[in-house]
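Peer 1:
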Amino acid sequence: MELLFKHRSIRKYKEEPIDEQVLNKVIEAGTRASNTGNMQLYSVVVTKDAAAKAQLAPLHFNQPMVKQAPVLLTICADINRFNQWCELNQADAGYNNLLWILNATIDASLFAQNMCVEAESHGLGICYLGTALYNAQEFIDALELPKGVFPVTALVVGYPDQEPPLTDRLPLEAVVHQEKYADYAAERIASLHAEKESLESSKQFVKENNKQNLAQVFTDVRYKKADNELFSAKLMETLRKQGFKLD
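First residue of the sequence shown: 1126, per our numbering; consecutive thereafter.
1. Suppose the cutoff is 6 angstroms on Cβ atoms and the five residues either side in sequence are ignored; what does the same chain contact list for PRO1195 look like?
2. Do GLN1180 and ALA1267 have their C-beta atoms closer together than 8 angstroms?
3. Check whether the region 1314 to 1321 touches the region 1271 to 1288, taking contact to mean three or more Cβ pairs, one atom from each stretch, closer than 8 angstroms.
4. State whether the region 1332 to 1345 contacts the region 1288 to 1308, with contact taken as three or more CB pairs (one from each stretch) at a distance under 8 angstroms.
5. Counting along the chain, where does the beta strand (DSSP E) carrying PHE1330 start and finish?
6. Report all residues from its chain with a CB closer than 7 angstroms to the CB of ASN1205; omit the five preceding and five following residues, and keep chain order.
7. Just checking my contact of LEU1360 with ALA1279 at CB under 8 angstroms: how many whole Å lie between their CB atoms?
8. Can you grab the Cα-Cα spacing for the pair TYR1253 / SER1134, in whole Å?
9. Hey, which unbroken runs of the alpha helix (DSSP H) at 4 residues or more fall wholly within the region 1284 to 1359?
10. By Cβ distance below 6 angstroms, which residues in the same chain neighbour ASN1222 in space, the five residues on each side in sequence not counted?
11. I'd like to know whether the C-beta atoms of ALA1257 and VAL1277 end up nearer to each other than 8 angstroms.
12. Got a sec, what are the start and stop residues for the beta strand (DSSP E) THR1230 sits in?
13. Roughly how many whole angstroms lie between the Cα atoms of TYR1167 and TRP1225?
14. Closest to ASN1187 by C-alpha separation, out of ASN1260, THR1161 and TYR1348, would be which residue?
15. Compute the distance between the beta-carbons of ILE1152 and VAL1169, then report whether it is under 8 angstroms.
16. Considering only the alpha carbon of each residue, which of GLU1127, ASP1293, SER1357 and LEU1227 lies closest to GLN1262?
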């Protein structure tokens, strides 16, 4: 369990391949995660071929680790398999709606996180790639995902070629509410974020981006409103193309 407290994202990898038995164990651990109704509403596309990784790299904004890591896993919410099973058994499925894309997304996320813990127990490193959502349609095309299947996230997996420091986290009292949600007063928000803002890395972010504070780095540089709206609209359109009814 110490693994959970030592986790860090790895962005540099050795060329050493992952043994197939180890990789299968990692994926099998993913399947032991809790899931909705034991329906296992997820799938994973394993990419090891160098040319295939090179094809996907631009969709991940050309992050070097995509081509460097020996394995790229694209984790998908998947109602296709269960829908087909229902159809085969003359059962009327109603899983192509908002409730079930959320259920499948939760399933896929738990599946992914179980794989991460198992991978780290074998000395492997991992890094989540949120870009799967940004370019969902392009991943659907590249990986030939049928209707009912939607990329939720991706993982690079391999043996670490770096040992970065642990990243900061908000104090526990920032995320825990007893019995009912207690909304935050301005002074409490400032207090809970004070340590994060005081880090030298945070100050460097602010300076490099010529901003007044760390919050502005997030809103004006890292996750801009215009980009959020653009990719959200694109995401909604892609979900509809994949057969999900969102209205």
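No residue lacks a Cβ here, since even glycine has one placed at the ideal position from N, Cα and C.
Peer 2: Reading it off the structure:
1. PRO1142, ILE1143 and GLY1283
2. yes
3. no
4. no
5. Note, PHE1330: premise wrong, no beta strand (DSSP E); alpha helix (DSSP H) at 1325 to 1333.
6. PRO1271, LYS1272, GLY1273 and VAL1274
7. Cβ-Cβ separation between LEU1360 and ALA1279: approximately 15 angstroms, too far for a contact (criterion under 8 angstroms).
8. 8 angstroms
9. 1311 to 1323, 1325 to 1333 and 1339 to 1342
10. LYS1370
11. yes
12. Unbroken run through THR1230 is the alpha helix (DSSP H), 1223 to 1246; no beta strand (DSSP E).
13. 12 angstroms
14. ASN1260
15. yes
16. If we check each option's Cα against that of GLN1262, SER1357 comes out closest.
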